[in-house]
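Top line first, the protein sequences correspond to chains B and L.
Numbering-wise (the numbering used here), the first sequence opens with residue 1 and increments by one.
Numbering-wise (the numbering used here), the second sequence opens with residue 111 and increments by one.
Reviewing the structure listed below.
Protein chains: 2
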Amino acid sequence: MCMRQIKHPSMDQIELTDIMYALADPTRLEIVTLLAAAGRKMTCGEIDLNRPKSSMSHHFKILRSAGLVETAIEGTEHMNSLRLEEIEQKYPGVLQAVLKATAGSSTSQE
Amino acid sequence: MCMRQIKHPSMDQIELTDIMYALADPTRLEIVTLLAAAGRKMTCGEIDLNRPKSSMSHHFKILRSAGLVETAIEGTEHMNSLRLEEIEQKYPGVLQAVLKATAGSSTSQE
DNA sequence: ATTATTGTTCGAATATAATCGAACAATGGA
DNA sequence: TCCATTGTTCGATTATATTCGAACAATAAT
Chain B
1 MCMRQIKHPS MDQIELTDIM YALADPTRLE IVTLLAAAGR KMTCGEIDLN
51 RPKSSMSHHF KILRSAGLVE TAIEGTEHMN SLRLEEIEQK YPGVLQAVLK
101 ATAGSSTSQE
Chain L
111 MCMRQIKHPS MDQIELTDIM YALADPTRLE IVTLLAAAGR KMTCGEIDLN
161 RPKSSMSHHF KILRSAGLVE TAIEGTEHMN SLRLEEIEQK YPGVLQAVLK
211 ATAGSSTSQE
């Protein structure tokens with residue numbers, strides 16, 4: 001029960017261009033879409049998209065630094081969740097509109 | 111009156127990730143913001159942000175290929191306008207939310 | 001203690017993007 | 001026709017991103 005936490009940007013540190021940048025990558029957009037669809041915390045493993053762990057970790061890192069994803073360590077697992085409410089508060093409509101846009105056209109390739 | 115036109119993507123060719131990518135660059139986001147604020151066609155010259163012509167041209171090219179900006183040649187000038195209605199139709203709320211987000215915090219540096 | 005699990009970090013290769021001067025193309029006007 | 005204007009294209013440089021194997025760190029279980 002060490003609760004070693006990963007550092008996340010605070011709301012006032014979240015930049016719109018960082019969000020845009022993070023969402024510009026198809027893999028990352030899919031991660032966000034899956035998290036939103038699930039509506040719950042998910043481990044990195046659950047979101048596996050046939051890519052090496054190190055690649056996924058890289059994308060999660062960018063999603064985290066953009067402020068889109070929050071990661072809580074629970075045991076050996078990293079529980080990821082969308083920071084939807086916070087981003088809505090700071091940039092109303094942006095993330096929701098993006099999620100609505102991806103909801104129709106399936107980005108997944110399986 | 112040659113009306114030599116530049117090629118633009120049709121609505122069904124406009125990809126969300128391309129839009130995100132285009133808007134992830136501060137210079138391009140500012141161009142889009144200025145065009146939206148102006149609410150009219152503007153020449154590249156009018157939007158000059160203390161950068162060389164070739165750099166601006168590069169950014170306009172990306173905005174065009176993403177489907178965000180439409181450029182009509184009128185004489186020696188290139189008139190640029192936002193494809194707001196079309197993008198709203200395809201991805202409702204996305205661009206408007208981004209514009210609302212940039213409306214507050216001035217991205218300009220002069 | 002040893003081992004398995006989960007994910008991060010490192011490092012190096014490859015790929016993509018930004019920047020900007022210089023040359024170019026198209027138009028309009030003197 | 002010649003020149004000015006507007007913006008694009010070219011080409012080379014520099015900077016930034018992506019990718020992924022291998023080594024590592026933290027925890028949990030045996």
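Beta carbons are placed, not taken as given, at the ideal position from N, Cα and C, and that holds for glycine.
Quantities reported herein were computed from a predicted structural model and do not represent experimental measurements.
Separation of B/ARG28 and B/HIS59 (C-alpha to C-alpha, rounded to the nearest whole angstrom) is 6 Å. Below 8 Å, enough C-beta pairs join the region 158-176 of chain L and the region 120-140 of chain L to call them touching: three or more. With a cutoff of 7 Å on beta-carbon distance, B/THR71 and B/ILE6 are scored as near each other. Between the region 160-168 of chain L and the region 194-213 of chain L, the count of C-beta pairs closer than 8 Å stays below three; the two stretches do not touch.
Contact annotation, B/ILE87 with B/ILE14: C-beta distance approximately 7 Å; criterion of less than 8 Å satisfied. Just measuring C-alpha positions, the residue of L/LEU133, L/GLN199 and L/LEU192 sitting nearest L/ALA148 is L/LEU192. Beta-carbon to beta-carbon, B/MET42 and B/LEU35 are separated by about 6 Å, close enough to satisfy the 8 Å threshold. Per DSSP, the unbroken alpha helix (DSSP H) holding B/HIS59 starts and ends at 53-66.
L/GLY203 and B/GLY93 do touch by the CB rule: their CB atoms are close to 5 Å apart, below 8 Å. Under the DSSP assignment, L/ALA213 falls in the alpha helix (DSSP H) whose first and last residues are 204-214.
With a beta-carbon spacing of about 19 Å, B/MET11 and B/LYS61 fall beyond the 8 Å limit used to define contacts. At a cut-off of 7 Å between beta-carbon atoms, L/THR137 makes no contact with chain B.
Across the structure, L/ASN190 and B/ALA22 are spaced so that their CA atoms are roughly 27 Å apart.
Here DSSP, grouped into helix, strand and coil, assigns L/THR143 to helix. Counting along the chain, the unbroken beta strand (DSSP E) around L/THR181 starts and ends at 179-184.
Taking the beta carbon of L/THR127 as reference, the chain B residues within 8 Å of it are LEU23, ALA24, ASP25, PRO26 and LEU29, listed in sequence order. Flagged as an interface residue toward chain L: B/GLY93, by a C-beta distance shorter than 7 Å.
For the pair L/ALA134 and B/ALA103, the CB atoms are not nearer than the 7 Å cut-off. Annotation: the continuous beta strand (DSSP E) that includes B/LEU82 extends over 77-82. Close to chain L, meaning a Cβ-Cβ distance shorter than 9 Å, are the following residues of the region 74-100 of chain B: LYS90, TYR91, PRO92, GLY93, VAL94, LEU95, GLN96, ALA97, VAL98 and LYS100.
Between B/ARG40 and L/ILE157, the alpha-carbon positions lie close to 44 Å from each other. Taking a Cβ-Cβ cut-off of 8 Å, B/THR33 has no neighbours in chain L, whose nearest Cβ is about 11 Å from it. Contacts between B/MET20 and chain L, judged by CB atoms closer than 9 Å, involve ILE129, MET130, TYR131, ALA132, LEU133, ALA134, ASP135, LEU139 and VAL208 in chain order.
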